[in-house]
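Trainee:
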Amino acid sequence: MAVNDRFVTQKSKSELQSGSEMQLTKKDFPWWMIAIGVVIVITFLMIQINPDFKDAFKIIRAGLGVTISTTLSAYSIAILLGLFIGLGRVSESVVWRNISTIYVEIIRGVPLMVLIFFIALVLIPGLTSIVSSLGEVLISWGIEDFGAKLAAVENKSISMNVRAIISLAITYAAFSAEIFRAGIQSVSQGQMEAARSQGLSRWQAMRYVILPQAIRNVLPALGNDLISMLKDSSLVSILAVRDITQVTRLYVGRSFKFAEAYSILCVLYLTLTLILSLCLKAIERKMQNERK
Amino acid sequence: MSENKTPMIEVKDLSKNFGVVEAVNGVSLKVFPKQVLVIIGPSGSGKSTLLRTMNWLEKPTEGEVIVDGVSLSENQHCINAIRSNIGMVFQSFNLYGHLTVTENITLALRIVKKIKKNEAKKIAMQQLTKVGIADKADYYPAQLSGGQQQRVAIARALAMEPKVMLFDEPTSALDPEMIKEVLDVMLLLVKDGMTMVIVTHEMGFAKAAADEVIFMDMGKIVERAAPEVFFENPSCERSKQFLSQILSH
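Listed in order, the protein sequences are those of chains A and B. If you read the first sequence in numbering that gives the first Met the number 0, its first letter stands for residue 0, the second for the next number, and so on. If you read the second sequence in numbering that gives the first Met the number 0, its first letter stands for residue 0, the second for the next number, and so on.
Here is the structure:
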């Protein structure tokens with residue numbers, strides 16, 4: 000299994016000499032983290048000292064909730080949908096395999112920003128009009144209560160925030176589907192054979208033998224996806240969703256304080272992604288040790 | 000062996016093609032209860048494929064496999080139930096890497112046989128004691144040696160109380176000094192009267208344990224005989240050649 004970091008650092012340098020030369024990557028003291036930390040600290044000091052920075056920060060801060068909640072909810076939906084589609088990619092059924100392949104290929108072939116426009120401004124309005132005309136049909140059949148509810152669904156009734164979440168989730172589901180597929184295929188065929196030979200059904204073998212190992216293998220990749228999602232959530236500003244990017248743009252439009260506002264925006268994203276990646280590293284390390 | 004009993008495994012005119020490659024070509028055989036059948040032959044002779052059709056891990060192109068009177072091809076709807084009565088041990092152990100030794104054994108007991116957790120644990124401990132590694136019950140497979148892993152795999156198969164055990168080159172992936180511990184466990188099963196079909200390259204074991212030896216080449220059964228006859232006085236030219244190749248060192 001992978002070399003345990005702690006094991007390496009605990010050894011004295013002389014002992015390591017011969018071994019570390021063979022390693023592809025050497026374990027450095029995390030200077031990079033110190034450097035980024037200094038940038039973050041300086042920015043937050045500026046926010047304390049400089050009134051322009053202070054103003055900008057107060058306004059931009061208001062978008063943090065939207066950024067974080069959009070990211071987290073879109074990511075949770077993406078993971079569930081992605082697992083489903085990933086299972087479809089390795090399904091025994093030709094139909095499921097093809098449907099999920101079409102999904103993945105379409106999403107991967109269109110730029111994220113274009114997809115966000117399409118899903119939010121074409122797909123969802125299309126779906127709402129289908130639902131409301133379905134409601135009209137139900138009313139004409141005499142199913143008044145439920146029909147009226149459906150007919151009342153309008154384009155307006157789905158907020159831009161929700162559309163942004165749906166767009167990100169649909170897009171990232173395709174990415175995580177590929178991660179899950181790769182994870183499932185990384186588990187040796189023998190595991191499936193052993194489980195089937197004991198009388199487990201294909202689904203039971205998947206659920207109890209393959210998936211637990213597959214998910215453990217792809218956890219780092221799924222974590223990276225969360226970080227990417229956090230960054231890509233800035234794209235929802237094109238739907239006028241008031242995340243930190245959008246409120247920064249609005250603030251700059253009024254105040255023309257480009258340097259202050261965009262520096263703070265950069266540092267905010269950097270802080271968030273750094274926190275996330277440290278959390279993910281800790282989880283990975285914990286799992287590595289558990290496996291020992 | 001008594002020919003009047005119903006066979007535990009019956010293979011009828013079985014063929015298996017992989018594309019244009021004919022792995023198994025018209026093989027028929029019977030394995031009777033408590034019989035130990037050893038299949039030997041050069042690599043690529045179709046012996047593993049033949050073994051794997053016996054629990055439908057490999058779907059035969061033609062022919063029929065009947066286990067304990069039940070035709071596998073006609074009973075696809077309950078293939079899982081049939082498989083739970085057939086223990087299988089693989090060359091590469093195939094222990095579930097994310098589960099401890101005990102959990103490896105209890106998984107199928109709980110899911111397939113619906114046995115309660117404590118009961119399943121008890122069964123696991125019994126089997127582990129039998130194969131001599133009860134002290135490793137809480138280890139993960141990666142922490143065990145190859146021989147220990149294979150013994151766990153045997154315990155895992157035995158825990159299901161199978162009617163027949165299939166061994167697919169169980170010692171081929173092992174270091175020489177670990178082969179004995181696995182063969183010893185298998186001899187224990189022979190003594191217990193377990194019905195077994197074993198694909199192996201261990202000629203000494205075949206000689207000691209087999210009731211019947213089948214020699215396969217090019218997807219066909221070349222010779223079948225009692226081990227003493229086969230190893231001392233093989234009748235076919237191909238068997239003689241094979242034996243001289245592997246026994247020359």
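Note that beta-carbon positions come from the ideal geometry of N, C-alpha and C, so glycine has one too. Computed from a prediction, not measured in an experiment: that's the story for all the values here.
Alpha helix (DSSP H) containing SER166 of chain A: first to last residue?
Mentor: Counting along the chain, the alpha helix (DSSP H) containing SER166 of chain A begins and ends at 159–185.
Trainee: Should LYS15 of chain B be labelled buried (16 or more other beta-carbon atoms within 10 Å of its own) or exposed?
Mentor: It counts as buried.
Trainee: Looking only at DSSP bridge pairs, what is ASP216 of chain B linked to?
Mentor: Bridge partners of ASP216 of chain B: B:LYS219.
Trainee: Exposed or buried, what is ARG195 of chain A when buried is set at 16 or more other beta-carbons lying within 10 Å of its beta-carbon?
Mentor: It is buried - the Cβ of ARG195 of chain A has at least 16 other Cβ atoms within 10 Å.
Trainee: Residues of chain B with a CB under 9 Å from the CB of GLY198 of chain A: which are they?
Mentor: Simply ILE78, ASN79, ALA80, ILE81, ARG82, SER83, ASN84, ILE85, ALA107, ILE110, VAL111, LYS112, MET159.
Trainee: Taking PHE89 of chain B as the query, report the chain A residues whose CB atoms sit under 9 Å from its CB, ordered along the chain.
Mentor: The contacting residues are GLY189, GLU192, ALA193, SER196.
Trainee: Check this for me: beta carbons of LYS4 of chain B and GLY62 of chain B, under 7 Å apart or not?
Mentor: Against a cut-off of 7 Å, the Cβ pair of GLY62 of chain B and LYS4 of chain B comes out as no contact.
Trainee: Taking only runs of the alpha helix (DSSP H) that begin and end inside the region 50–109 of chain A, which ones reach a length of at least 4 residues, in chain order?
Mentor: If we require 4 residues or more, the alpha helix (DSSP H) runs fully inside the region 50–109 of chain A come out as 50–60, 63–88, 93–108.
Trainee: So which residues of chain B does GLN212 of chain A contact, with C-beta pairs closer than 7 Å?
Mentor: Within chain B, the residues near GLN212 of chain A are GLY96, HIS97.
Trainee: Is the Cβ of VAL93 of chain A closer than 7 Å to any Cβ of chain B?
Mentor: Chain B, which has no Cβ nearer than 7 Å to the Cβ of VAL93 of chain A, makes this no.
Trainee: Residue ranges of each beta strand (DSSP E) run of no fewer than 3 residues wholly in the region 163–192 of chain B, ordered along the chain?
Mentor: The region 163–192 of chain B contains these whole beta strand (DSSP E) runs: 163–167.
Trainee: Using a C-beta cutoff of 7 Å, does GLN203 of chain A count as contacting chain B?
Mentor: Interface residue, yes.
Trainee: Taking Cβ positions only, does SER1 of chain B come closer than 7 Å to chain A?
Mentor: Here the model assigns SER1 of chain B a pLDDT of 48, short of 50, so the residue's position is not dependable, and the following value carries that caveat. No, SER1 of chain B does not count as interfacial toward chain A.
Trainee: Between LEU56 of chain B and chain A, is there a C-beta pair that is closer than 7 Å?
Mentor: Yes, LEU56 of chain B counts as interfacial toward chain A.
Trainee: Measure from the alpha carbon of ALA208 of chain B to the alpha carbon of each residue in B:ARG51, B:LYS219, B:ASP191, then state which is nearest.
Mentor: Looking at the Cα atoms, B:ASP191 is the closest of the given residues.
Trainee: Quick one: which residues of the region 88–116 of chain A get their C-beta closer than 8 Å to a C-beta of chain B? List them in chain order.
Mentor: So the list is empty, because no residue satisfies the distance condition.
Trainee: Using only alpha-carbon positions, find the residue among A:PHE43, A:ILE115, A:GLN190, A:PHE145 that is nearest to MET159 of chain A.
Mentor: Minimum Cα distance to MET159 of chain A is reached at A:ILE115.
Trainee: I believe ILE59 of chain A touches TYR250 of chain A by the beta-carbon criterion, under 8 Å. Please report the beta-carbon distance rounded to the nearest angstrom.
Mentor: Yes, they are in contact, since the Cβ atoms of ILE59 of chain A and TYR250 of chain A sit about 7 Å apart, within 8 Å.
Trainee: Between B:ILE81, B:PRO41, B:PRO32, which lies nearest to TRP55 of chain B when the distance is taken from Cα to Cα?
Mentor: The shortest Cα separation from TRP55 of chain B among B:ILE81, B:PRO41, B:PRO32 belongs to B:ILE81.
Trainee: From GLU222 of chain B to PHE230 of chain B, what distance separates their C-alpha atoms?
Mentor: Approximately 11 Å, taken between the alpha carbons.
Trainee: For chain B, is any of its Cβ atoms less than 7 Å away from the one on VAL208 of chain A?
Mentor: VAL208 of chain A counts as touching chain B.
Trainee: For ASN93 of chain B and chain A, any beta-carbon pair shorter than 7 Å?
Mentor: Cβ-Cβ to chain A under 7 Å: yes for ASN93 of chain B.
Trainee: Going by DSSP, what residue range makes up the alpha helix (DSSP H) through THR60 of chain B?
Mentor: Note, THR60 of chain B: premise wrong, no alpha helix (DSSP H); not H, not E.
Trainee: From this set, A:ILE209, A:LEU238, A:SER233, A:ILE274, which residue's C-alpha is nearest GLY222 of chain A's C-alpha?
Mentor: Cα-wise, what sits closest to GLY222 of chain A is A:ILE274.
Trainee: If we ignore side chains and look at the alpha-carbon of each, how far apart do LEU94 of chain B and SER187 of chain A end up?
Mentor: Cα to Cα, LEU94 of chain B sits roughly 11 Å from SER187 of chain A.
Trainee: Please report the Cβ distance between LYS29 of chain B and PRO59 of chain B, rounded to the nearest whole angstrom; I am assuming they are in contact, meaning their Cβ atoms lie under 8 Å.
Mentor: That pair is no contact at about 16 Å.
Trainee: Taking buried to mean at least 16 other C-beta atoms within 10 Å of its own C-beta, is GLY198 of chain A buried or exposed?
Mentor: So GLY198 of chain A counts as buried.
Trainee: Can you check DSSP and say which residues form a bridge with ALA224 of chain B?
Mentor: Beta-bridge pairing links ALA224 of chain B to B:VAL212.
Trainee: How about ASP242 of chain A and VAL235 of chain A: are their beta carbons less than 7 Å apart?
Mentor: Taking 7 Å as the Cβ cut-off, ASP242 of chain A and VAL235 of chain A qualify as a contacting pair.
Trainee: Helix, strand or coil for LEU279 of chain A per DSSP?
Mentor: In the structure shown, LEU279 of chain A sits in a helix (DSSP, three-state: H, G or I).
Trainee: Closer than 8 Å by C-beta to LYS145 of chain B: which residues in its own chain qualify, once you throw out the five before and the five after it? Chain order, please.
Mentor: Looking at the sequence provided, one finds Gly at residue 145 of chain B rather than Lys. PHE92, ALA172, LEU173, ASP174, MET177.
Trainee: Check whether the region 164–184 of chain A and the region 63–82 of chain B touch, using three or more Cβ-Cβ pairs below 8 Å as the test.
Mentor: No, they do not touch.
Trainee: Residues of chain C with a CB under 7 Å from the CB of ARG215 of chain A: which are they?
Mentor: The structure shown contains no chain C; the protein chains it does contain are A and B.
Trainee: Just to confirm the assignment, what range does the alpha helix (DSSP H) spanning LEU44 of chain A have?
Mentor: Start and end: 30–48.
Trainee: Just to confirm, are PHE150 of chain B and VAL184 of chain B a CB contact at a threshold of 7 Å?
Mentor: Checking the sequence shown, residue 150 of chain B turns out to be Arg, not Phe. Yes. Within cutoff.
Trainee: Tell me which residues share the same chain as GLU283 of chain A and place their Cβ nearer than 7 Å to its Cβ, disregarding the 5 neighbours each side in the sequence.
Mentor: Excluding residues within five positions, the ones whose Cβ falls inside 7 Å are LEU218, PRO219.
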